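Worksheet: one structure, shown below.
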Amino acid sequence: MNIINESGILALSTRLQRLSEQLRKDGAMIYKAFGIDFEPKWFPVIFTLHHRNKLGVVEIANEIGYTHPSTISLLKELEKQDLITSEKDQHDERKRLIQLSPKGIKLVEQMKPVWELMSKVLEEIADNENQLLAAINEAEEKIANQSFLQRALQMKKSME
1 MNIINESGIL ALSTRLQRLS EQLRKDGAMI YKAFGIDFEP KWFPVIFTLH
51 HRNKLGVVEI ANEIGYTHPS TISLLKELEK QDLITSEKDQ HDERKRLIQL
101 SPKGIKLVEQ MKPVWELMSK VLEEIADNEN QLLAAINEAE EKIANQSFLQ
151 RALQMKKSME
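Rendered as structure tokens:
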């Protein structure tokens with residue numbers, strides 16, 4: 001056991017990041033094993049557009065929970081890869097509507113069986129007595145109601 005694991009809750013962010021990086025790295029290798037050229041960081045946008053069809057940048061950012069600039073950066077990469085297309089909204093000239101390109105749609109069809117496999121394996125990994133996904137959902141809900149920072153400042157105030 002290393003010092004980060006021994007530090008308990010204090011290293012929660014570090015441990016979640018470590019777990020996330022491992023899953024992302026392995027995910028990339030799984031895609032590669034199936035002959036699919038796909039970056040796991042593209043997943044939230046591709047998956048969202050697969051299910052929501054045509055969305056504006058702000059709607060995509062809200063769906064995936066990323067900042068507007070991070071979303072735009074991802075969209076630029078996906079456009080460069082010819083996986084998405086954009087068009088001006090007929091109702092609002094300032095707004096761009098994003099959708100999967102024919103290449104993006106074809107890629108999603110290739111990935112569907114891989115996503116099924118990944119889901120089964122991830123269910124197996126998360127299916128433990130502590131129910132990882134349920135715990136993450138609960139923690140995200142708590143943070144949505146009151147952030148880590150807000151909670152810390154409130155506790156500091158009550159200690160003074």
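Going by UniProt numbering, the letters in the sequence shown line up with residues 1 to 160, in that order.
Beta carbons: idealized from backbone N, C-alpha and C, even for Gly.
Computed from a prediction, not measured in an experiment: that's the story for all the values here.
Asked	Found
Among the candidates Arg18, His68, Ala11, Leu23, whose CA atom is the shortest distance from the CA of Ile125?	Leu23
Taking the straight line between their C-alpha atoms, what separation do you get for Leu153 and Gly56?	36 Å
Compute the distance between the beta-carbons of Pro40 and Gly27, then report whether it is under 8 Å.	yes
At which residues does the beta strand (DSSP E) containing Ile84 begin and terminate?	84-88
Going by CA-CA distance only, name the one from Lys156, Leu12, Ser7 that's closest to Ile136.	Leu12
Considering only residues of the same chain and omitting the five flanking positions on each side of Glu82, which have a CB-CB separation below 6 Å?	Note on identity: in this sequence residue 82 is Asp, with Glu being the wrong assignment. Ser101, Lys103.
The beta strand (DSSP E) with Ile98 in it runs from where to where?	96-100
Just to check my reading of the structure: Gln99 and Asn62 have Cβ atoms closer than 8 Å, yes? What is that Cβ distance to the nearest angstrom?	That pair is no contact at about 17 Å.
Taking one C-beta from the stretch 29-37 and one from the stretch 103-114 each time, how about it: are there three or more such pairs within less than 8 Å?	yes
For Leu78 versus Ile72, is the C-beta distance shorter than 8 Å?	no
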